[in-house]
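Structure record follows, encoded as C-alpha cells.
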Amino acid sequence: MESLEAEKLLQLRAKTDRQLLDFLHSKLETGLNCAGWAARLYSDGNRASAERWLERGNQALKQVQILLPVVTEKQRRDLDPELNLLREGLERLREFRESPKSRSATSIW
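Just so you know, we're using the working numbering here: the sequence shown kicks off at 223 and counts up by one.
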C-alpha cells in the first residue's frame, strides 16, 4: 500500500515538473515575442507602444527568474539558451532606448 502511494507521489511530482517546464518555456517564448514587437515598434517610431511591449518582456523574464531556483541543474541548462537570448535581447532594447542612434531597433534584434 505504501509503495503504491509513493509511486503516485512520484508520478504527481513528474507531472508537476513537466508543467513547470512547459510554463517556463511558454514565458520565455512570450518574452521573446514581446521583445520582438518592441523592436519593431521602436523601428516604426511608435515609442509608447514599444515601451509597453518591452515592459511585458521584462515581466516575463522576471517571472522565469523567480521560478528558476526550483528547477534542477539539467532543466536549467535546457532553459539557458532561450533565457540568454531573452536577456540579451531585452538588454539591447534598453540600450537602444537609452541612446538611440541612426540604426533601427530591428537591426539589434
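A virtual CB, placed ideally from N, CA and C, is assigned to each residue, including glycine.
- request: Rank W259, A282, L289, L283 by C-alpha distance to the C-alpha of W275 and give the top, closest one.
  value: Residue nearest to W275 within the set W259, A282, L289, L283 is W259 (criterion: CA-CA distance).
query: Hey, quick one: how far does the alpha helix (DSSP H) through D300 stretch, first residue to last?
result: Looking at the DSSP string, the run of the alpha helix (DSSP H) that includes D300 is 295-320.
message: Quick check on DSSP: helix, strand or coil for N255?
response: helix
query: Among H247, A261, K237, which residue has its Cα nearest to the Cα of L301?
result: It is H247 whose Cα lies nearest to the Cα of L301.
query: Where does the unbroken alpha helix (DSSP H) through G279 begin, and where does it stop?
result: 269-289
message: Just verifying my parser: in three-state terms, what is the DSSP assignment at D266?
response: coil
- request: Could you tell me which of A236, T252, N268 sits nearest to R309, measuring between CA atoms?
  value: Among A236, T252, N268, the Cα nearest to that of R309 belongs to T252.
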